[in-house]
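Novice: In the working numbering, the protein residues as written are 71 to 769. Glycine included, every Cβ here is placed at the ideal spot set by N, Cα and C. Predicted, not measured: the structure shown is a model, and the values here were computed from it.
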RNA sequence: GCCGCCUUAGCUCAUCCGGUAGAGCAACGCACUUGUAAUGCGUAGGUGGUCGGUUCGAGUCCGACAGGCGGCUCCA
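1) If you draw a straight line from the alpha carbon of residue 339 to that of residue 402, how long is it in whole angstroms?
2) Smallest Cα separation from residue 531: which of 506, 522, 569?
3) How many Å lie between residue 723 and residue 703 at the Cα?
4) With a threshold of 16 other CB atoms inside 10 Å of the CB of residue 223, please say whether the residue is buried or exposed.
5) Between the alpha carbons of residue 716 and residue 761, how many angstroms are there, rounded?
6) Straight-line CA distance for residue 615 to residue 463?
7) Buried or exposed, going by whether 16 or more other CB atoms sit within 10 Å of the CB of residue 540?
8) May I have a chain-ordered list of the beta strand (DSSP E) segments no shorter than 3 residues that lie completely inside the segment 568-612?
9) Given a threshold of 16 other Cβ atoms within 10 Å of its Cβ, counted over all protein chains shown, does residue 271 qualify as buried or as exposed?
10) By how many angstroms is the C-alpha of residue 139 removed from the C-alpha of residue 466?
11) Looking at the unbroken beta strand (DSSP E) that takes in residue 300, where does it start and where does it end?
12) Can you look up residue 405 in the DSSP assignment and give me helix, strand or coil?
13) The alpha helix (DSSP H) spanning residue 451 covers which residue range?
14) For the candidate residues 528, 674, 229, whose alpha-carbon lies nearest to that of residue 595?
15) Please report the distance separating the alpha-carbon of residue 285 from that of residue 472.
16) Can you pull the DSSP bridge partners for residue 317?
17) Since residue 142 is in the beta strand (DSSP E), which residue starts that stretch and which ends it?
18) List the whole-angstrom C-beta distance separating residue 183 from residue 209, where the pair is believed to meet the contact cut-off of C-beta under 8 Å.
19) In the DSSP assignment, the alpha helix (DSSP H) including residue 378 goes from what residue to what residue?
20) Do you know whose CA, among 283, 155, 524, lies nearest residue 317's CA?
21) Drop a sphere of 10 angstroms on the beta-carbon of residue 374, count the other beta-carbons inside from all chains shown, and report buried for 16 or more, exposed for fewer.
22) Could you name each continuous alpha helix (DSSP H) segment of 4 residues or more that falls completely within the segment 689-738, going from the start of the chain to the end?
23) Should residue 589 go down as buried or exposed, given a rule of 16 or more other Cβ atoms within 10 Å for buried?
24) Taking DSSP as the reference, what is the three-state secondary structure of residue 668?
25) For residue 546, which residues of its own chain have a beta-carbon under 7 Å away from its beta-carbon, when the five flanking residues on both sides are left out?
26) Would you call the segment 660-677 in contact with the segment 624-635, where contact means no fewer than 3 C-beta pairs closer than 8 Å?
27) Measuring straight from C-alpha to C-alpha, what distance separates residue 758 and residue 122?
28) Determine the burial state of residue 699: buried for a count of at least 16 other Cβ atoms within 10 Å of its Cβ, exposed for fewer.
29) In angstroms with no decimal places, state the Cα-to-Cα distance between residue 437 and residue 427.
30) Expressed to the nearest angstrom, what Euclidean distance is found between the alpha-carbon atoms of residue 280 and residue 229?
31) Tell me the rounded alpha-carbon separation between residue 103 and residue 216.
32) Give me the Cα-Cα distance between residue 335 and residue 452, rounded to the nearest whole angstrom.
33) What's the call for residue 321, buried or exposed, on a 16-neighbour Cβ count within 10 Å?
34) If you measure between the beta carbons of residue 262 and residue 214, is that distance less than 8 Å?
35) Within a Cβ cutoff of 7 Å, which residues of the same chain sit near residue 120, ignoring the five residues on either side of it in sequence?
36) What separation, rounded to the nearest whole angstrom, lies between the Cα atoms of residue 764 and residue 597?
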């Protein structure tokens with residue numbers, strides 16, 4: 071998940087005369103030097119970010135980059151990372167420096183230290199950082215040649231490695247450095263630079279770091295920061311490398327922006343589906359069953375069933391045939407599909423059955439291995455293959471809620487978003503090669519409409535292709551991959567949606583389009599996927615008889631609409647913060663009598679609602695009415711129906727909505743009709759006194 | 001899988017330095033019968049995640065395992 075902050079763009083252009091620093095030019099142009107819109111760096115005519123101290127040789131025009139822009143924030147964060155590193159080396163002189171880039175919403179810095187950092191260390195480091203910031207050290211850029219840098223950084227082994235990579239020396243492993251994250255050296259092949267931190271008054275060098283920059287003019291210009299957490303991280307992202315200790319922090323252009331960010335995190339925590347799942351009694355993960363295996367409680371079961379019922383109905387409307395397949399299979403099936411060599415270690419280990427031995431232990435019957443199902447496609451292929459198919463039958467579309475089990479590594483299991491047992495809303499379309507583009511288009515339109523129906527209306531597409539540097543990992547010829555990728559790309563582009571490239575992200579059997587949906591607080595989640603597969607039809611020798619009587623090979627298009635029902639459940643829970651749309655809400659209506667004597671009236675109303683298919687309860691507990699309102703408000707029930715003497719006299723009920731608004735004295739028949747209509751509409755907003763249109767009898 | 005942290009009542013948490021556990025909410029009971037976010041009183045509830053070790057004595061110290069949290073790597 072990730073968060074994107076809107077950021078104003080200030081494309082203010084300033085002329086910098088030859089021999090004058092950008093700083094002076096900015097000052098003369100009257101641009102702010104302090105505050106949230108302070109100019110922190112400039113962008114030169116070549117589009118490169120430069121320090122304010124940068125002084126061009128010839129007259130040039132530059133763009134002022136303000137603190138509250140994306141680039142400006144990145145500079146603040148990167149400078150803050152330097153301050154962190156300085157503080158760490160003050161407190162832990164033996165600490166060796168890794169890398170310290172800005173990231174979305176913050177920064178990190180990796181260190182090789184004797185022992186991992188503790189929360190107390192963070193408090194101490196923040197204290198030291200504040201001191202450094204206050205002292206106003208200047209960031210000074212200095213160009214060095216590789217040999218000098220090596221000499222100077224002799225005690226920083228990781229930096230030396232980066233210099234080596236940069237100058238192309240001694241690079242035995244072929245892994246490329248992720249240049250987007252490594253700020254130490256300039257990927258564009260420019261010069262090697264060190265940034266020195268100079269004492270504000272004496273100009274004495276206090277600290278320094280290999281870095282391509284740019285930086286703020288001084289540490290004093292770091293407006294607001296906070297250290298967030300510590301974690302381990304592999305050096306240069308490979309688990310073969312040593313683990314370093316990473317400190318994450320965040321930094322912003324103002325205290326207000328920092329506070330807003332922290333508020334957003336607090337809101338995300340309130341919406342956390344794991345918390346809401348327990349509070350609203352939706353699901354749990356009993357230890358006795360095992361990590362990553364969920365049980366849905368009755369209320370969660372209602373939501374899951376509503377989701378599935380609707381999705382199943384829509385599939386059938388769109389020409390899919392609903393099929394069913396078992397949870398386990400003999401090993402051979404996954405050999406046939408080609409999955410086993412690629413995915414054996416992310417599948418649960420096989421169980422061996424049917425083995426028989428004589429009393430002396432000698433093998434009488436070998437038995438065989440069965441695997442828990444980790445993907446549905448091979449079984450759908452068998453359904454396709456069960457009889458001869460004609461071109462007239464195509465496209466054939468099989469769909470099911472397939473239960474699959476994946477042995478996710480223990481450290482990655484996470485709530486409902488990363489589980490070991492999940493339900494895929496999985497379909498496979500078998501089409502002619504010529505028909506593939508139309509089918510992909512059909513599927514994409516369908517998945518987007520489903521996301522819309524559930525209220526996730528903000529999304530973009532990602533196109534995952536094979537890794538051209540590692541083609542051995544992907545099955546099929548270059549031509550096949552190119553053709554498949556072209557089909558997906560063309561369809562994706564035709565939607566007009568934003569399309570992001572994901573090179574190397576494809577499955578071994580073909581490229582994929584995925585839909586990334588943004589939730590109510592701006593985080594994005596990978597949901598639907600559409601994959602073009604020319605490999606499995608070959609492995610299974612799938613065929614259809616063409617018009618000319620020849621046997622032809624179909625292609626198959628895999629598509630998961632929500633990916634997994636469990637994950638989508640989690641995303642929806644967070645998107646709606648537990649206040650599900652009426653059509654999904656586990657309890658849609660709760661009746662609250664003002665006193666016990668009025669409960670019968672509400673029972674009668676409830677009976678009518680129940681007859682109309684509404685999920686309704688009447689709260690006859692001996693809590694006071696106010697307490698009941700509180701209880702069902704925290705349970706996020708969309709309609710509370712109250713009734714007292716006045717309502718009964720008028721044959722009415724009174725509405726209270728989630729937001730606390732109310733409509734009193736509504737005739738029972740009108741109330742039942744309006745509630746039923748709202749639920750049937752599957753609208754995703756919460757009803758309020760304003761949005762809920764109903765005749766008020768007594769008003 | 002790797003690193004760090006965590007695990008005490010159904011839930012959220014407390015228990016100073018090792019001397020056999022306490023609160024709020026929830027549950028249950030009784031009283032109250034109430035018009036839009038918590039009525040009052042009472043009762044019950046824990047072999048302190050599991051197993052092992054150190055100790056006269058372990059919720060507390062050590063180890064292993066399980067589960068969780070935050071990251072890394074991974075994610076068909």
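Specialist: From the atom records:
1) 45 Å
2) 569
3) 18 Å
4) buried
5) 24 Å
6) 10 Å
7) exposed
8) 569-573, 582-588, 594-603
9) exposed
10) 50 Å
11) 294-304
12) helix
13) 447-455
14) 528
15) 52 Å
16) 179, 300
17) Careful: residue 142 lies outside any beta strand (DSSP E), inside the alpha helix (DSSP H) at 140-161.
18) Residue 183 to residue 209, Cβ: 24 Å. No contact.
19) 368-387
20) 155
21) buried
22) 695-704, 715-720
23) buried
24) helix
25) 604, 605
26) no
27) 53 Å
28) buried
29) 10 Å
30) 7 Å
31) 35 Å
32) 47 Å
33) buried
34) yes
35) 92, 111, 112, 114, 284
36) 37 Å
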